[in-house]
Amino acid sequence: MSDEHGSGVPVNLSPGGRPLGQRDPHASPVQRVQVDLSAPQFQVAAKNPKRTERTTLVFFLLALAGFAGFGAAYTQNASNFLLGLSMALGLLMFGFGVASWGMFLMPRGPFEEPRALMQTTPEEKRLFLGDFESRGKVAIERRGFLAKAMGAAAAVLGIVTAFPLIRSLGPLPKKSLYRTKWRKGSYVTDINNRRVKVDDIDVGSMVTVFPQDDVGGAISQTVLLHPQTTDIVTMTGRETWAPQGFIAFSKVCTHAGCPVGLYEQATEQLLCPCHQSLFDIYSGAEPVFGPAPRPLPQLPLYIDSRGYIRAQTGYDEPVGPGFWERGGTT
Ligand code: FES
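The sequence shown begins at 2 in our numbering and counts up by one.
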């Protein structure tokens, strides 16, 4: 059953006509338990309570000093050591104080008291559930806009808290995973920013080169070799890539990215010193030994009318160790 109070909100009533939760005035009074403070369970564990009180007090005072010291150290921009020390002291002493109080100065118990059987009738359960439901409706549904606003705020909070996480990943790599700074017509340039001409490289020599706008670039670094004076064809489709014996490969090892910095002229192989991968230059830097899984990408070269060595275009595949989506173009 229900009733209308001044608010117009229906209120469930018990079968006796009183609101749920209100005690029946005719019911027999609740028995109060008489406590005897001299009973054993009310005694403390400390043999000398006064002394334990003083010890506990000292713990709390030391904790207070530690926390206050932390505050002072923080405002003075003190070292992390002092901050940690003061906070550790405060927490430690606070813990000792609480433990000491709880273990030695609280009544030992155990505490038991008689408890009457409190059984709810099925009718009271039904009324309680009805009352609970109606109050929930009153509390939530009447202010649905608040619930929606709260949900929206929580959703936005969830999104913005992800911002630092996403930002900390850094900018998107975009095409940088596929491209170096080598472009069509790039001048082959040495580490001193000097454009390399055919006369600069003796037969049997090797030099590390870069595109002119990325001198020193870790991804663009390239080895320029001159093993012979006639064109080198490393494979079909690369007939024009190594004119007059000038041939260039990415210097970034395809195993773990170390610089492939050693040229063994006798065997015509490039050696990566990190894990001893060997690359055969005449077969397009195919790995012939070691853990490198694929050849060093070859840079197509040409020699312009003034004798400068230049790139026909960029690399035709990503340089360095493989990643999840190899196969892009320059
Ligand atoms: S990085 Fe070159 S062989 Fe491992």
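Ideal Cβ placement from N, Cα and C applies to all residues, glycine included.
- Residues whose Cβ lies closer than 7 angstroms to any heavy atom of the ligand FES, listed in chain order: C254, H256, A257, G258, C259, V261, C273, C275, H276, Q277, S278, G291, P292 and A293.
- Burial check for K252: the Cβ neighbour count within 10 Å reaches 16 or more, so the residue is buried.
- Between R109 and Q42, the C-beta gap is smaller than 8 angstroms, which places the two residues in contact.
- CA-to-CA, the gap between T57 and A89 works out to about 18 angstroms.
- Classified as exposed, M151 has fewer than 16 neighbouring CB atoms from the shown chains inside 10 Å of its CB.
- Pairing Y303 with R311 gives a Cβ-Cβ distance under 8 angstroms.
- About 5 angstroms separates the Cβ atoms of K198 and Y309, confirming a contact at the 8 angstroms cut-off.
- Measuring C-alpha to C-alpha distances from H227 to each of D203, G321 and P301 identifies D203 as the nearest.
- In the same chain as G285, and ignoring 5 residues on each side of it, the C-beta atoms closer than 6 angstroms to its own belong to T235, M236, P296 and Q299, in chain order.
- DSSP places R195 in the coil class of the three-state scheme, outside both helix and strand.
- In this structure, T230 lies away from A249, with their beta-carbon atoms at least 8 angstroms apart.
- About 7 angstroms separates the beta carbon of T255 from that of G323, a gap short enough to meet the 8 angstroms contact definition.
- Spanning the alpha carbons of Q44 and M104 requires a straight line of approximately 12 angstroms.
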